[in-house]
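Sequence order for the protein chains is A and B.
Quick note: the first sequence uses the numbering used here, first residue 47, plus one each step.
Quick note: the second sequence uses the numbering used here, first residue 202, plus one each step.
All residues carry an ideal CB built from backbone N, CA and C; glycine is no exception.
Computed from a prediction, not measured in an experiment: that's the story for all the values here.
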Amino acid sequence: MLTLKQRRSLTTALMGILAWGVALAIFFPIFWMLLTSFKTEIDAFATPPQLFFTPTLENYTLVNERSDYFHFAWNSVVVSFGSTIIGMLLAVPAAYSMAFFETKRTKATLLWMLSTKMLPPVGVLVPIYLLFKDLQMLDTRLGLTIIFTLINLPIMIWMAYTYFKEIPKEVLEAARMDGSTLFQEIWRVLLPMSKGGLASTVLLSLILSWNEAFWSLNLTASQAAPLTALIASYSSPEGLFWAKLSAVSTLACAPILIFGWISQKQLVRGLSFGAVK
Amino acid sequence: MADLTIKNLKKSFGDLEILKGINLNIKDHEFVVFVGPSGCGKSTLLRSIAGLEEVTSGHIYLDDREITELAPAKRDLAMVFQSYALYPHMSVRKNMSFALELAKESKETINSKVAEAARILELEPLLDRKPKELSGGQRQRVAIGRSIVRQPKVFLFDEPLSNLDAALRVQMRLELARLHHDLKATMIYVTHDQVEAMTLANKVVVLNQGQIEQVGSPMELYHSPANRFVAGFLGMPKMSFLPATVVSSDHQGTRIQLADGATLALPVNGATLHKNSQVTLGVRPENIHVSDPSESDFTGRLDIAENLGSDTYCYVKTSSNETLTVRTPGNFTCNFGQQIGLSLELDQCHLFDDQDQALPRLERIAA
Numbered sequence: 047m048l049t050l051k052q053r054r055s056l057t058t059a060l061m062g063i064l065a066w067g068v069a070l071a072i073f074f075p076i077f078w079m080l081l082t083s084f085k086t087e088i089d090a091f092a093t094p095p096q097l098f099f100t101p102t103l104e105n106y107t108l109v110n111e112r113s114d115y116f117h118f119a120w121n122s123v124v125v126s127f128g129s130t131i132i133g134m135l136l137a138v139p140a141a142y143s144m145a146f147f148e149t150k151r152t153k154a155t156l157l158w159m160l161s162t163k164m165l166p167p168v169g170v171l172v173p174i175y176l177l178f179k180d181l182q183m184l185d186t187r188l189g190l191t192i193i194f195t196l197i198n199l200p201i202m203i204w205m206a207y208t209y210f211k212e213i214p215k216e217v218l219e220a221a222r223m224d225g226s227t228l229f230q231e232i233w234r235v236l237l238p239m240s241k242g243g244l245a246s247t248v249l250l251s252l253i254l255s256w257n258e259a260f261w262s263l264n265l266t267a268s269q270a271a272p273l274t275a276l277i278a279s280y281s282s283p284e285g286l287f288w289a290k291l292s293a294v295s296t297l298a299c300a301p302i303l304i305f306g307w308i309s310q311k312q313l314v315r316g317l318s319f320g321a322v323k
Numbered sequence: 202m203a204d205l206t207i208k209n210l211k212k213s214f215g216d217l218e219i220l221k222g223i224n225l226n227i228k229d230h231e232f233v234v235f236v237g238p239s240g241c242g243k244s245t246l247l248r249s250i251a252g253l254e255e256v257t258s259g260h261i262y263l264d265d266r267e268i269t270e271l272a273p274a275k276r277d278l279a280m281v282f283q284s285y286a287l288y289p290h291m292s293v294r295k296n297m298s299f300a301l302e303l304a305k306e307s308k309e310t311i312n313s314k315v316a317e318a319a320r321i322l323e324l325e326p327l328l329d330r331k332p333k334e335l336s337g338g339q340r341q342r343v344a345i346g347r348s349i350v351r352q353p354k355v356f357l358f359d360e361p362l363s364n365l366d367a368a369l370r371v372q373m374r375l376e377l378a379r380l381h382h383d384l385k386a387t388m389i390y391v392t393h394d395q396v397e398a399m400t401l402a403n404k405v406v407v408l409n410q411g412q413i414e415q416v417g418s419p420m421e422l423y424h425s426p427a428n429r430f431v432a433g434f435l436g437m438p439k440m441s442f443l444p445a446t447v448v449s450s451d452h453q454g455t456r457i458q459l460a461d462g463a464t465l466a467l468p469v470n471g472a473t474l475h476k477n478s479q480v481t482l483g484v485r486p487e488n489i490h491v492s493d494p495s496e497s498d499f500t501g502r503l504d505i506a507e508n509l510g511s512d513t514y515c516y517v518k519t520s521s522n523e524t525l526t527v528r529t530p531g532n533f534t535c536n537f538g539q540q541i542g543l544s545l546e547l548d549q550c551h552l553f554d555d556q557d558q559a560l561p562r563l564e565r566i567a568a
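Below, the structure written as structure tokens:
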């Protein structure tokens, strides 16, 4: 029989192993992508897969020669940040009214908004494509920004709503008694009190926008194409270029990965949706 | 001047009527306490005065100005919340100066007003701390400070002490009484704690189910409750009630018979009563005395005794199975189940008619 103490440390050890296992499983594809990007096309194909090889930078050089990385990266930055800023400008007031002036239909409205996320995007591809065509927004950064704002808005409102719900109503009432206008109440009391949660909302929106591929591929061609479209252009039917594909993927992931690493604290809090107080 | 007048105020949430027509006048410098059981509408009434709830109908006037539809900040009122509601991201100083900054007061004015409030509330050493670095009592003082700096016409308090522990509550209660005296301000205070109501108020407003049951000084309410609800709500332990029937009554007095057969003659104007009509006798624990069974008004069996040191509260079952609370001296000893005699101070008893309204007591004739 194990003592209580031994049992506890055994549990801790097992949980640790499990956590590391999951983390490694999640990290492995990224690790392999990074590794492959430094292989020659022949090494990338080798069976069995090689862990040790002579690294080369030729893929990066070739990618740089073939396509204008910074053009695509700039599109990604503009569209991600643009849609996040517009999204927050809409999400904060929406979440404020739902969190602090709840009506009979608030819960239903929230669920309805979220339900739009359950629709397969391809279901609305044709109407949106036609709309974009008529409005001449195909292959424009504005068009992509609007679409990203719309697809991320339900999640942003939900997250902001959850954070606002944690804030005692009385503090806002106190601000109102103290003479705040609606704007002052939000700007000087509500936002500073929920800045952690809102930061994670911003971060999540950036990441989702950065990684979005479906609409990027279908609504852009070259002018407004972001990095996800660049990656896709390397998986061509003419042949497989695993090493180059990995190189371009690494280049596409790097900025958001670094950004996420720096702000991981907010991200963890964001993904747990306020469950951790 | 700060005269607050409320006329026929009603408030409903959907189909639920919370306030059913409140009429009230609060005079300058008064300390008014709204008291009542939970759900009686006392907090809603306070929040309606503050402007945090829209009223369904009725009017609120501050002096001669109607404030019913005004925004909270324009009403010249300040509120202290139960949860303190301090701004957690601001220092104590900022918490107190926030309203003044919004009102665009000059820096010197802000500094002097904050310093004055900090001096009154002994918050000077804490001015640069954040609320989370303060104890419950200190937070409460900051919340009060935040309302003082605005120099409002009326202070509103929504159960401000209920989050504090018992010892601190007593201390803050005394501080509030001192503050009311020092600031000479009009204060409206909501509580469900009748001790706070009795000790702080010049005027107590007893609310029940969205209506005012009685308004008066604490002693008026204690000694001459208008109805059975007020009588039962104020006083700790509660007043005991015994059902009785009228034997005879006129404007000189009333003779009643209790369920166990004992008859009592009460100095109560019973002109409105009829023979055999149902009434309720109300008697406070301090107006019942244990006496020798042979000389007593009636007898009962001791159920439980709670010894508090200074007093012992005895819960006595009458032969008709009613429970009476009796206050006896701290050294009173008695065995459970023992039969004891009880005598009432008849001129201190209350009699309620079948509508639970108190019957007027006869003026005592001076000896």
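(message) As a quick exercise: from His551/B, Asp555/B and Gln556/B, pick the residue whose alpha carbon is nearest that of arginine 562/B.
(response) His551/B
(message) Please identify the residue among Arg276/B, Glu414/B, Phe537/B and Ser239/B whose C-alpha is closest to the C-alpha of tyrosine 262/B.
(response) Arg276/B
(request) With DSSP collapsed to three states, give me the class of methionine 388/B. (result) strand
(request) Kindly indicate which three-state DSSP category methionine 61/A falls into: helix, strand or coil? (result) helix
(request) Note down the Cα distance separating methionine 420/B from phenylalanine 434/B, rounded to an integer number of angstroms. (result) 14 angstroms
(request) Measure the Cβ-Cβ separation of glycine 501/B and threonine 519/B and say whether it is below 8 angstroms. (result) yes
(request) Could you confirm whether any beta carbon from chain A is found closer than 8 angstroms to the beta carbon of proline 444/B? (result) no
(message) I'd like the span of the alpha helix (DSSP H) that includes lysine 308/B, first residue to last.
(response) 308-321
(request) Answer yes or no: do glycine 454/B and alanine 463/B have a C-beta to C-beta separation smaller than 8 angstroms? (result) no
(request) Say whether the region 357-375 of chain B touches the region 332-341 of chain B, bearing in mind that this needs 3 or more beta-carbon pairs closer than 8 angstroms, one atom from each stretch. (result) yes
(request) Pull up the CB-CB distance for alanine 460/B and proline 444/B, whole angstroms please, since I reckon it's below 8 angstroms. (result) 6 angstroms
(request) Drop a sphere of 10 angstroms on the beta-carbon of histidine 382/B, count the other beta-carbons inside from all chains shown, and report buried for 16 or more, exposed for fewer. (result) exposed
(request) Out of Asn264/A, Thr49/A and Phe194/A, state which residue places its alpha-carbon closest to the alpha-carbon of glycine 128/A. (result) Phe194/A
(request) Note down, in chain order, all residues in the region 204-236 of chain A with a beta-carbon under 7 angstroms from any beta-carbon belonging to chain B. (result) Pro214, Glu216, Val217, Glu219, Ala220, Arg222, Met223, Asp224, Gly225, Ser226, Gln230 and Val235
(request) Check whether the Cβ atoms of glutamate 254/B and lysine 212/B lie closer than 8 angstroms to each other. (result) yes
(message) Quick check on leucine 190/A: does DSSP put it in helix, strand or coil?
(response) helix
(request) Taking alanine 316/B as the query, report the chain A residues whose CB atoms sit under 8 angstroms from its CB, ordered along the chain. (result) The contacting residues do not exist; alanine 316/B stays about 19 angstroms from chain A at best.
(request) Taking the CB atoms as reference points, tell me whether alanine 206/A and threonine 247/A lie closer together than 8 angstroms. (result) yes
(message) Taking its Cβ as the centre, do 16 or more other Cβ atoms sit within 10 Å of serine 161/A, making it buried, or is it exposed?
(response) exposed
(message) Quick check on the burial criterion: 16 or more other C-beta atoms within 10 angstroms. Buried or exposed for proline 200/A?
(response) buried
(request) Over the uninterrupted beta strand (DSSP E) stretch that includes leucine 114/A, give me the two end residues. (result) Strictly speaking, residue 114/A in this sequence is aspartate, with leucine absent from that position. Careful: aspartate 114/A lies outside any beta strand (DSSP E) and carries neither H nor E.
(message) Quick check on DSSP: helix, strand or coil for cysteine 535/B?
(response) coil
(request) Can you tell me which of the three DSSP states glutamine 310/A falls into? (result) helix
(request) Please list the partners that aspartate 280/B has in chain A, where partner means a Cβ-to-Cβ separation under 8 angstroms. (result) According to the sequence provided, residue 280/B is methionine. The question's aspartate does not apply to it. What methionine 280/B touches in chain A: Glu219, Ala220 and Met223.
(request) Using the DSSP secondary-structure output, state which residues sit across from methionine 399/B in a beta bridge. (result) According to DSSP, methionine 399/B bridges with nothing at all.
(message) I want to verify the contact list: residues of chain B whose CB lies under 8 angstroms from the CB of proline 139/A, in sequence order.
(response) Going along chain B, no residue has its Cβ under 8 angstroms from proline 139/A, so there is no contact; the nearest lies around 19 angstroms.
(message) Please report the straight-line C-alpha distance between leucine 286/A and phenylalanine 146/A, rounded to a whole angstrom.
(response) 55 angstroms
(message) Between leucine 218/A and leucine 236/A, how many whole angstroms is the CB-CB distance? I'm expecting something under 8 angstroms.
(response) 6 angstroms
(request) Determine, using beta-carbon pairs with one atom in the region 221-237 of chain A and one in the region 298-316 of chain B, whether at least three such pairs fall under 8 angstroms. (result) yes
(message) Which residues does DSSP list as the beta-bridge partners of proline 530/B?
(response) Asp512/B
(request) Determine, using beta carbons only, whether leucine 377/B and leucine 401/B come nearer to each other than 8 angstroms. (result) yes
(request) Name, going along the chain, the residues of the region 76-109 of chain A whose beta-carbon falls closer than 9 angstroms to a beta-carbon of chain B. (result) none
(message) By alpha-carbon positions, which one of Asp504/B, Tyr516/B and Gln540/B ends up nearest to serine 495/B?
(response) Gln540/B
(message) With distance defined between alpha-carbon atoms, name the residue in Asp394/B, Ser511/B and Phe232/B nearest to leucine 384/B.
(response) Phe232/B
(message) Any beta carbon of chain B sitting closer than 8 angstroms to that of methionine 239/A?
(response) yes
(request) Please report how far the alpha carbon of lysine 323/A lies from the alpha carbon of phenylalanine 73/A, in whole angstroms. (result) Bear in mind that the predicted position of lysine 323/A carries a pLDDT of just 34, short of 50, making it unreliable; the figure below should be weighed with that in mind. Roughly 28 angstroms separates the two Cα atoms.
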